[in-house]
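Visitor:
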């Protein structure tokens, strides 16, 4: 019996086979404390992952990986160091598994153990948790003192099982016209291609290029002739260097392995996440894979957990919007809404608003999916509908923690809307987002979700809306030509006709994009916001027939930014639409 086997047996005997008070096993407790001591986890991270592990009945290490806190490979390396056992990596796991009739594959997959060697004198297994009392006890009942353990990650063990048992796990190879052996051979080729040096190098370079371009998303798309790669930079897709067609499937498989997805599954969509480290910072990469007629398309979204927090004044809101915002923040309770489509900067604005309230006298809790901005002093919770940990469930749970201010990432259903309004009625200041095209549509959307008008009158403090437009590159922008000036003048006349209450800017310094190395020849660099906001009375007035708009719209704020030479009219019209749509 090796040291890990004996130690697990002693701990199980001492505790009667029970885990610790937090529901964690011996190694989970030890590594949790190690990660906290090393600064890789906070106490809040540890508690959140332990709670989700208990709720979902999934291993603690899988929740750490899913939350982007500690990857499965990092866990395995730490487990090997903690126990003094050998770390077995992917290429060290067997291609054909030793067989013992007393071991079922379902047990080995469920407990994440893989046989490495089974002889008359030795029974050696790899597992990510060699101190798990239940697993060690079950194996010792079969193999006694012959049992020896090593450490391997869940991801490598899963891939090895798929490789060794591809015929059973191919999920319908016959339906594709493949013999089981052919499906197994195909999966083995995919895994080998995923681990080839050119594939690994391409994926690393892909991530590096995305970061250097300041991209928020990567799109890998199989086309009829050759694959295509595009990066979303400042909201616009720009083309990048694509992988050779011969390794495209290997690249997809590599990304599946990194995100703990099923390499063998190529006919169903899959979603996952990758914890990536670059320049001493953690990047959370969300991955979505969908089958297409030419192969699997992949979308990767980059979420930098250390993105600097923006102050509210740094958002450069127009004076009337900033005044409305600060008026809502001064209220002791109520509901504050920011509307707009995905990618319009709502989360940044809400976190900037919360930063204005963030002091030792208030308990502020955010419930988000995902947590994109880490803000010191806030209690931040990430929901996961796959674990039945929804916005509504999280709201119910957090009420027992005596919050003063809450931020709910999104109101998307009747249950969440009802709870947000109820919390606003009971003395809490609640911030949230909702998907509408303008601020004036916010109250209507709440009404469609079942919120009565009299409840809105009691709770609604502000509805704001925003968009992000590309800002001109300061290094290469030049004065606008006569055609751009004429188009601007005509659009201003349309805007004034639609809203006579708006006063167009008197100082006009139009500019247009150039192109230089600073902006990658795009003419634009970074994005700036265009805003609109209603106070409580004006927001309720939008529900009345014949509502007469008097406030400055996002489009009109956009024209002001065009006049100041910060962006172009084409950019504002692309994002906000023509003046007739500026409700």
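Numbering (this note's numbering), first residue to last: 802 to 1384.
In this text, a Cβ means the ideal position worked out from N, Cα and C, and glycines have one as well.
In the DSSP assignment, the beta strand (DSSP E) including residue 952 goes from what residue to what residue?
Guide: 948 to 952
Visitor: Taking the runs of the beta strand (DSSP E) that are 3 residues or longer, which of them lie wholly in the region 1207 to 1266?
Guide: 1230 to 1235
Visitor: So, is residue 896 buried or exposed, given that buried needs 16 or more other C-beta atoms within 10 angstroms?
Guide: exposed
Visitor: Can you name, in chain order, every residue of its own chain whose Cβ lies under 7 Å from the Cβ of residue 1272, other than the five neighbours on each side?
Guide: 1325, 1326, 1327, 1328, 1329, 1367 and 1368
Visitor: Would you kindly check if the distance between the Cβ of residue 1262 and the Cβ of residue 1336 is under 9 Å?
Guide: Closer than 9 Å, so yes.
Visitor: Which one of 1163, 1067 and 1000 has the shortest CA to CA distance from residue 1091?
Guide: 1067
Visitor: Using alpha carbons as the reference points, say which of 1370, 862 and 1061 lies closest to residue 842.
Guide: 862
Visitor: If the criterion is Cβ atoms closer than 9 Å, does the pair residue 1111 and residue 1153 meet it?
Guide: yes
Visitor: Using the beta-carbon count (16 or more within 10 Å), is residue 1380 buried or exposed?
Guide: buried
Visitor: State the CB to CB distance for the pair residue 953 and residue 915, rounded to an integer number of angstroms; the pair is presumed to be in contact (CB under 8 Å).
Guide: 7 Å
Visitor: Could you tell me if residue 882 is buried or exposed, where buried requires 16 or more neighbouring beta carbons within 10 angstroms of its beta carbon?
Guide: exposed
Visitor: Taking the alpha-carbon of residue 870 as reference, which of 847, 1098 and 877 has the nearest alpha-carbon?
Guide: 847
Visitor: Report all residues from its chain with a CB closer than 6 Å to the CB of residue 1378; omit the five preceding and five following residues, and keep chain order.
Guide: Contacts found: none.
Visitor: If I measure Cβ to Cβ from residue 1178 and keep anything under 6 Å in the same chain, skipping five residues before and after, which residues do I get?
Guide: Excluding sequence positions up to five before and after residue 1178, its CB lies within less than 6 Å of the CB of 1159, all in the same chain and listed in chain order.
Visitor: Leaving aside the five residues before and after residue 750 along the sequence, list all residues of the same chain whose C-beta is less than 7 Å from its C-beta, in chain order.
Guide: Residue 750 lies beyond the stretch modelled for the chain, which goes from 802 to 1384, so this question has no answer here.
Visitor: State buried or exposed for residue 1382, treating a residue as buried only when at least 16 other CB atoms are found within 10 Å of its CB.
Guide: Counting C-beta atoms within 10 angstroms of its own C-beta, residue 1382 has fewer than 16 neighbours from the protein chains shown and is therefore classed as exposed.
Visitor: Residues in its own chain within less than 8 Å of residue 1306 by CB, not counting five upstream and five downstream?
Guide: 1360, 1361, 1364 and 1365
Visitor: How would you call residue 866, buried or exposed, if buried means at least 16 neighbouring beta carbons within 10 angstroms?
Guide: buried
Visitor: How about residue 1385 and residue 1039: do their beta carbons lie closer than 9 Å?
Guide: No answer is possible for residue 1385: it lies beyond the span of the chain, which begins at 802 and ends at 1384.
Visitor: Three or more C-beta pairs closer than 8 Å, one from the region 989 to 1005 and one from the region 921 to 930: is that the case here?
Guide: no
Visitor: From residue 901 to residue 1216, what does the alpha carbon distance come to, in whole angstroms?
Guide: The straight-line gap from Cα to Cα measures roughly 52 Å.
Visitor: With contact counted as at least three CB pairs below 8 Å, one residue from each stretch, are the region 1251 to 1262 and the region 1135 to 1144 in contact?
Guide: Yes: the two stretches touch, three or more of their Cβ pairs being nearer than 8 Å.
Visitor: What residue range does the alpha helix (DSSP H) around residue 1355 cover?
Guide: Counting along the chain, the alpha helix (DSSP H) containing residue 1355 begins and ends at 1355 to 1364.
Visitor: Below 8 Å on the Cβ atoms is my guess for residue 1218 versus residue 1250; work out the distance and round it to an integer in Å.
Guide: Indeed they touch by this definition, with Cβ atoms about 4 Å apart.
Visitor: For residue 876, which of helix, strand or coil comes out of DSSP?
Guide: helix
Visitor: Can you tell me whether DSSP reads residue 833 as helix, strand or coil?
Guide: Here DSSP, grouped into helix, strand and coil, assigns residue 833 to helix.
Visitor: Roughly how many angstroms lie between the CA atoms of residue 1285 and residue 1370, to the nearest whole one?
Guide: 8 Å
Visitor: Return the residue from the list 1270, 1309, 1296 and 1255 that minimises the CA-CA distance to residue 1281.
Guide: 1309
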